[in-house]
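Asks: In the working numbering, the protein residues as written are 1353 to 2577. Once you've had a glance at the structure underneath, I'll fire off some questions.
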């Protein structure tokens, strides 16, 4: 076929090559019917052979000799074969022509097929190009569709927000209009009544006085403390209507003293507790925490060690082998650990410092053997016998066979053993190897730290487990809120330090003005407290807060004290987030809180309005030194909006830095002290250390304190402390003369620095003091003592604590969240002026801290200290590349984000010059690189946490489509490494669902939430707080879809679970610290009978009631009642409070007869002591009625008709239906 060009030989199939084809062809056989050529040859051969045999003679040759020639002759001479050959040739020619025709036709077919194949190839290429173009178009349309959908959702959100705001404005206007119409009607009625009364008086001939004719000026303009007039803004001064919350409050006729919560008085364990009693206890419990001793709420575990020459080996062994373990344990939980000790002080050089250190310490350990030197007796007495706060104490007593301890040792041990149990002194008597005794001491110390100091209930945890997720407080105590406990601790310490002054500085006149603000009718703008630096604004606010908490416990006070500029406490987003969290806690809300600063500013007024509508008391927001916040007018713009009627805002500013727009607000200006008060404060400070000034010195002092600068509150305080220290050191005249040369606070601080340096023994200590102050000055939030010890390893604890004591005593340094900080902004400025005028010096000290924290970052896991300081120092140094590398350390960014420092993290990226998309891409690349090196389950879990953190971070940035990828990857890792039903998988599902909710993909979110709920129920049970979180999320999801019945169903289930968990754990408003400090509260009540101690006992009773410890609650409530009856008398309303709580407790224990008696006693007291319409009286009646309703069913069952008749009659008399909500038919 095709190009074949050969024939098969008829003789035997041999191939005949084609001699016509040019270039040759393929040999093949052609089946042609032709007579074989061999047969013709054989027949002709036979005929020739027969003829030869017939004509041969006798003389012929033999055949063998001439056979060949004969054959050839015979062949050639054959005439009969010619036709056959001609036939064969003709046949051959015919076949040849046919073959040629066949070959040509096939060649044409091949050419045609080639052209067709080329055409098909061209068509295929064209179709492929069209397919690629269609695919690109499809991708483009798909992206446009997603963009359009996202734009649609955003537009829907904006539309919903607009509709919400429009409806809100409509409701506000409606309420406002109705309120004003009612007010106008009331005014018209009053006018008509006055006119009719006037007519009656005139008809009787009585002369009526016309106020317009009076010559006196009796206007109602308020006068500030500075003597300047100020007026409250009129109602429409801001050009907007009051909020809906304020309008709701306008319609309420009475605001009682109770603290109302939306569902407390409906169901749950608090149903039988009188609301005003309960709320006073709640408010006091929330506010008593900052009044604890520093060692009880500080995040520093200070272990003070006392030893003798005999126990030096045990001391060294403890410091070498066990102190590092305790330090790692505490640092894992976010606490500092300091093992402080002094050398054996023969000359009592550090006596004062040792006493100060014992007072600060949270644990004291005494190592003794046979003798106790007399120089240590005072320390031991201070630590073990004078322990008013009952802090834990431990004595290691090494015994030795055949040897008897000295009288001093035995006497101390006997005295400690005879102390009451609240002093918590443990004595370890050990005989044998000192190493075993030290290990036993370490075990006790570890238990004391975990149980008594840090408040962990499970003290059997290993040190390595304390940093795990299961050992820390559960995240869902705050829902999905990211919370930094260090910020809250810093605020508690700041409040405590601000209120520590023993001198009131003549603040009584200002207290009245602040009280007038709270009582003034709404709406009013914030009150501005202004004054110069160091004028006492923080002291005034802290003292007034204490008075309000004591006199008006139902008043909710939210305060924030701003530190120096650029510190964490001055970040606006953290301030708003902290205040919003406080509002959420008091609202019993578990909603997720955004970290976006702009959205936080929008949500805070809503939460404020929400709580103000529920809280039947005043809400006071206090922000001290608000002018230290950067761009304060932009970030605190909610201040200029109308506030709810029961909300008051107080802010303090420096006169020089007050924003111009705020100067129109009502202002309370703090004047300088008058010379007489300044002199009395300085003299009182001298008298406190038994120093008396001469008449001549007092005259000089009076002449000196006449200007505004020398009568400044901080100047006067610092002046007094300088004189007191100088008097003790014996150079009073010299220091007094030098102080007279200082005309302002900064110059006086400079004198303080020079005097401290002069008191130091050598130049090395002077240089050390300078470097320490400079390091604290350039740090972000301060420097800890342990960090200073590592920065200066040659320094001893004795030198460091002596230096800190001197600086603390003279108002230079203080403690804040375990860090050394400056007490006042002027002290910070003084160190800058004195030691750091050159920018290169500042840069060198920053670099020293950078090197230290970089080394810490490379050696240990990332701590909150490294994450706080290192990026900030890079930013201040202007090192963009190093900051960029630090941020790409995934654990640094994770630490910042998980502690809620979202805005700070964003500011760092903005400084580097990266936008959101670039930031996300770089985090993805870093995570991919980290994932390549991950091996083992522990590292994979860490990787899953990093992916989850990145997903949540991108969600908060608004990059929802990009947030899904890391969250899905986190879910995959946890499902693979753990188990599909592991609780951590439920956590991943929950976070992924939250992204879909924000993305408006409600179907996907619902499916994921339900999976997370199922896993959590299987893992934890039906009543765990994790279940409540999933139910709350589902409720929110259904509410967004307008499925209100389903949302209400899940929300009720969630609330019931959280109430049970709150009662079981005693986790009041999320404050686990209250549960841990119950014992310290109990110790505070040991002493004299006072109303405050009785109130604290009542609060403890409520606290134990919440923990379902009814027996202990009964003991405290009875103690409170007995103390109040002794101190206040049996008819005092406070006794009614205790009776009411005891009745609620009896009701809970089903002791109805006893509860009835207690309720009736409380009702009798309140009837005689309170007005008939007082809400406390109404609530007692209400709870007694509830009790009688319970008793009716019980009495019917028992057949006690007499008692049934009395209960029914009482209910009918009080206007209640005894059959309502009963089981009778």
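Just so it is clear, CB atoms sit at the ideal spot from N, CA and C, and this is done for glycine as well.
8 Å is my cut-off, CB to CB: does residue 1752 come that close to chain B?
Replies: Although the question refers to chain B, the structure presented lacks it and comprises just one protein chain.
Asks: Between which two residues does the beta strand (DSSP E) holding residue 1658 run?
Replies: Position 306 of the chain shown holds residue 1658. Element bounds for residue 1658: 1652-1659.
Asks: Measure the beta-carbon distance from residue 1981 to residue 1882 and round it to whole angstroms, keeping in mind my assumption that it falls under 8 Å.
Replies: For this step, residue 1981 is matched to residue 629 along the chain shown. For this step, residue 1882 is matched to residue 530 along the chain shown. 16 Å between Cβ atoms; not a contact.
Asks: I think residue 1678 touches residue 1797, with their Cβ atoms under 8 Å apart; what is that distance to the nearest whole Å?
Replies: Residue 1678 sits at position 326 when you count from the first residue of the chain shown. Residue 1797 sits at position 445 when you count from the first residue of the chain shown. Indeed they touch by this definition, with Cβ atoms about 7 Å apart.
Asks: Tell me whether the region 2238-2250 and the region 2211-2221 touch, counting them as touching only if at least three CB pairs, one residue from each stretch, are closer than 8 Å.
Replies: Yes, since at least three Cβ pairs between the region 2238-2250 and the region 2211-2221 fall closer than 8 Å, the two stretches touch.
Asks: If we call anything under 8 Å between Cβ atoms a contact, is residue 2239 one with residue 2223?
Replies: Indexing the chain shown from 1 puts residue 2239 at position 887. Indexing the chain shown from 1 puts residue 2223 at position 871. Yes, these two residues count as a Cβ contact at 8 Å.
Asks: So, helix, strand or coil for residue 1739, using DSSP?
Replies: Translated into the one-based positions of the chain shown, residue 1739 becomes position 387. Coil at residue 1739, not helix or strand.
Asks: Taking its Cβ as the centre, do 16 or more other Cβ atoms sit within 10 Å of residue 2173, making it buried, or is it exposed?
Replies: Numbered from 1 along the chain shown, position 821 holds the residue referred to as residue 2173. It counts as buried.
Asks: If we ignore side chains and look at the alpha-carbon of each, how far apart do residue 2331 and residue 2128 end up?
Replies: As a position in the chain shown, residue 2331 is number 979, starting the count at 1. As a position in the chain shown, residue 2128 is number 776, starting the count at 1. Roughly 48 Å between the two C-alpha positions.
Asks: Hey, how far is the Cα of residue 1922 from the Cα of residue 1916?
Replies: Residue numbering aside, residue 1922 sits at position 570 when the chain shown is read from its first letter. Residue numbering aside, residue 1916 sits at position 564 when the chain shown is read from its first letter. Whole-angstrom Cα-Cα distance: 7 Å.
Asks: Okay, do the region 1686-1705 and the region 2150-2157 touch, 3+ Cβ pairs below 8 Å being the bar?
Replies: These segments touch.
Asks: For residue 1297, does the three-state DSSP call read helix, strand or coil?
Replies: There is simply no residue 1297 to check, as the chain begins at 1353 and stops at 2577 in what is shown.
Asks: Might you give, ordered along the chain, the residues of its own chain that have their beta carbon closer than 8 Å to the beta carbon of residue 2066, omitting 5 neighbours on each side?
Replies: The residue you call residue 2066 lines up with position 714 of the chain shown. Within the same chain, residue 2066 has close Cβ partners 1885, 1886, 1887, 1888, 2097, 2163, 2176 and 2178.
Asks: From residue 2379 to residue 2368, what does the alpha carbon distance come to, in whole angstroms?
Replies: What you label residue 2379 is simply residue 1027 of the chain shown in a count that begins at 1. What you label residue 2368 is simply residue 1016 of the chain shown in a count that begins at 1. Spanning the two alpha carbons is a distance of roughly 6 Å.
Asks: DSSP on residue 2196, reduced to helix/strand/coil?
Replies: The residue you call residue 2196 lines up with position 844 of the chain shown. It is helical.
Asks: By the DSSP assignment, the alpha helix (DSSP H) with residue 1731 in it spans what residues?
Replies: Locating residue 1731 in the chain shown gives position 379, counting from the first residue. Residues 1726-1732.
Asks: Buried or exposed for residue 1719, please, with buried defined as at least 16 other CB atoms from any protein chain shown within 10 angstroms of its CB.
Replies: Against the chain shown, residue 1719 aligns to sequence position 367. Buried, because 16 or more other Cβ atoms sit within 10 Å of the Cβ of residue 1719.
Asks: Using 10 angstroms around the beta-carbon of residue 1517, count the other beta-carbons present and answer buried if the total reaches 16, otherwise exposed.
Replies: Position 165 of the chain shown, counted from the first residue, corresponds to residue 1517. Result: exposed.
Asks: Taking 8 Å as the threshold (C-beta atoms), are residue 1920 and residue 1955 in contact?
Replies: Working through the chain shown from its first residue, we reach residue 1955 at position 603. Working through the chain shown from its first residue, we reach residue 1920 at position 568. For residue 1955 and residue 1920, no; Cβs fall outside 8 Å.
Asks: Could you check whether the region 2445-2456 touches the region 2482-2501, counting it as contact only if at least three pairs of C-beta atoms, one from each stretch, sit closer than 8 Å?
Replies: Flag = yes, the region 2445-2456 and the region 2482-2501 touch.
Asks: Could you check if residue 1656 is buried or exposed, using at least 16 other CB atoms within 10 Å of its CB as the buried criterion?
Replies: In the chain shown, the residue the question calls residue 1656 occupies position 304. The residue in question, residue 1656, is buried, as its Cβ has 16 or more Cβ neighbours within 10 Å.
Asks: Does DSSP classify residue 1768 as helix, strand or coil?
Replies: As a first step, residue 1768 is located in the chain shown; it is residue number 416 there, counting from the start. Helix at residue 1768.
Asks: Just the C-alpha distance for residue 2385 and residue 1653, rounded to the nearest angstrom, thanks.
Replies: For the purposes of this step, residue 2385 is taken as the residue at position 1033 of the chain shown. For the purposes of this step, residue 1653 is taken as the residue at position 301 of the chain shown. Each residue's Cα considered, the two are about 38 Å apart.
Asks: Cutting at 7 Å between CB atoms, please list the residues of its own chain near residue 2054, excluding the five before and the five after it.
Replies: Position 702 of the chain shown holds residue 2054. Within the same chain, residue 2054 has close Cβ partners 2027 and 2031.
Asks: Beta-carbon within less than 7 Å of residue 2469's beta-carbon, same chain only, minus the 5 sequence neighbours each way: which residues are those?
Replies: Working through the chain shown from its first residue, we reach residue 2469 at position 1117. Cβ within range, chain order: 2450, 2453, 2490, 2493, 2494 and 2497.
Asks: Once the 5 residues before and after residue 2371 are set aside, which same chain residues still bring their CB inside 6 Å of it?
Replies: As a working mapping, residue 2371 is identified with position 1019 in the chain shown. Closer than 6 Å at the Cβ level, and outside the excluded window around residue 2371, lie 2335.
Asks: Look at residue 1790 and residue 1674 and say whether their C-beta atoms are less than 8 Å apart.
Replies: In the chain shown, residue 1790 corresponds to position 438, counting from 1. In the chain shown, residue 1674 corresponds to position 322, counting from 1. Against a cut-off of 8 Å, the Cβ pair of residue 1674 and residue 1790 comes out as a contact.
Asks: Could you give the distance in angstroms between the alpha-carbon of residue 2529 and the alpha-carbon of residue 2519?
Replies: What you label residue 2529 is simply residue 1177 of the chain shown in a count that begins at 1. What you label residue 2519 is simply residue 1167 of the chain shown in a count that begins at 1. Roughly 7 Å separates the two Cα atoms.
Asks: Can you tell me whether residue 1971 is buried or exposed, with buried defined as 16 or more other CB within 10 angstroms of its CB?
Replies: Mapped onto the chain shown, residue 1971 falls at position 619. Classification of residue 1971: buried, given that the 10 Å Cβ count is 16 or more.
Asks: Measure the C-alpha to C-alpha separation of residue 1701 and residue 1778 and round it to an integer number of angstroms.
Replies: The residue you call residue 1701 lines up with position 349 of the chain shown. The residue you call residue 1778 lines up with position 426 of the chain shown. Using only the alpha carbons, I get a separation of about 29 Å.
Asks: Give, in chain order, every unbroken run of the beta strand (DSSP E) that is at least 3 residues long and sits entirely within the region 1883-1908.
Replies: Segments of the beta strand (DSSP E) lying fully in the region 1883-1908: there are none.
Asks: Taking residue 2173 as part of the beta strand (DSSP E), name the residues at either end of that continuous run.
Replies: Taking the first residue of the chain shown as position 1, residue 2173 is located at position 821. Residue 2173 -> beta strand (DSSP E) spans 2171-2174.
Asks: DSSP three-state call for residue 2043: helix, strand or coil?
Replies: Mapped onto the chain shown, residue 2043 falls at position 691. Note: residue 2043 maps to coil in three-state DSSP.
Asks: Any contact between the region 1903-1917 and the region 2227-2234? By contact I mean 3 or more CB pairs, one from each, below 8 Å.
Replies: Counting Cβ pairs under 8 Å, fewer than three are found: no touch.
Asks: Does residue 2303 come out as helix, strand or coil in the three-state DSSP assignment?
Replies: Taking the chain shown and counting its residues from 1, the one referred to as residue 2303 is at position 951. Note: residue 2303 maps to helix in three-state DSSP.
Asks: Could you check the C-alpha separation between residue 2432 and residue 1804 for me, to the nearest Å?
Replies: Walking along the chain shown from the start, residue 2432 turns up at place 1080. Walking along the chain shown from the start, residue 1804 turns up at place 452. Residue confidence is low: residue 2432 scores 46 on pLDDT, short of 50, so the model does not pin down where it sits. No coordinate-derived value is stated.
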